[in-house]
Amino acid sequence: PMTPVVHNLRDVPESEVRAISTYVASVMGAPDPERQKRAEAVLAMARAASAAGGDDVPEPGKQSPASNDAAVQSGAALYAGSCAICHGAAQRAPGAPSADALHLALSSSLSLGSPGNLIRIVLQGMAPPDGERGSFMPGFAGAYTDSQVAALAAYLRATYTDRPAWKDVERDVRKQRQQLARE
Numbered sequence: 003p004m005t006p007v008v009h010n011l012r013d014v015p016e017s018e019v020r021a022i023s024t025y026v027a028s029v030m031g032a033p034d035p036e037r038q039k040r041a042e043a044v045l046a047m048a049r050a051a052s053a054a055g056g057d058d059v060p061e062p063g064k065q066s067p068a069s070n071d072a073a074v075q076s077g078a079a080l081y082a083g084s085c086a087i088c089h090g091a092a093q094r095a096p097g098a099p100s101a102d103a104l105h106l107a108l109s110s111s112l113s114l115g116s117p118g119n120l121i122r123i124v125l126q127g128m129a130p131p132d133g134e135r136g137s138f139m140p141g142f143a144g145a146y147t148d149s150q151v152a153a154l155a156a157y158l159r160a161t162y163t164d165r166p167a168w169k170d171v172e173r174d175v176r177k178q179r180q181q182l183a184r185e
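FYI, in the working numbering the residues of the sequence shown are 3 to 185.
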């Protein structure tokens, strides 16, 4: 949803973009200590993976006690087969189109109280507007079952956040598929 904003700001002088950022930050206020601590941990994880040039995929559940969960293990296999090629640092060649893929520790979708946004991205993918440049990610609605999308979401949440597991993710997957079918 931020793609149109980013595209609209590309021709704005950097000083104005910084002024907008300063305003937004002032309205949001200072982060509470817990939020600041999480932000620092996430940035440290992303920077360490980038500096090492190695695989940025921690072992499933390394940050969560859910590592023995079958869904998390299944999600790890799905991630390795479909996502790591773009999101895994070791798999990205310098200059490759996927070189700018988001480090998933920085994904706000993984930290939300509901998995809906993440599920929608996995199912629908992302693409810039016709004729525009921008990030692209294929959708996996036709490739993954509801339980596979739920397993991938469980793996990503357990691996890249310190948040508790989402409840009834398959229900949310069905809900997102129904909503996408209506659009």
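Virtual Cβ for every residue (Gly too), placed ideally from N, Cα, C.
All values reported here derive from a predicted model rather than from experimental measurement.
Nearest residue (CA-CA) to residue i, options the options
i	options	result
Leu158	Ala86, Leu45, Gly141	Ala86
Glu42	Leu125, Ser137, Thr163	Thr163
Leu125	Ser110, Ala82, Ala143, Leu114	Ala143
His9	Arg135, Asp148, Arg184	Arg135
Gly127	Ala32, Ala103, Asp13, Ser149	Ala103
Ala82	Asn119, Arg165, Ala153, Gln181	Ala153
Leu80	Ser17, Pro35, Asp148, Pro15	Asp148
Contacts around residue i, its chain only, beta-carbon distance under 7 Å, and the 5 residues preceding and following it disregarded
i	result
Ile121	Val151, Ala155, Asp174, Val175, Gln178
Leu106	His89, Leu112, Leu158, Tyr162
Residue(s) in a DSSP beta bridge with residue i
i	result
Met128	Met139
Endpoints, the alpha helix (DSSP H) within which residue i is located
i	result
His89	86-89
Glu18	16-30
Ala155	148-162
Leu182	171-184
Ala103	Taken as a continuous stretch (DSSP letters only), Ala103 belongs to no alpha helix (DSSP H), as it is neither H nor E.
Ser76	72-80
Residues near residue i by beta carbon distance below 8 Å, same chain, minus five either side
i	result
Ser116	Trp168, Asp174
Glu185	none
Assess, as a yes-or-no matter, whether the region 75-90 is touched by the region 163-175 under the definition of 3 or more beta carbon pairs within less than 8 Å.
-> Result no; under three Cβ-Cβ pairs closer than 8 Å.
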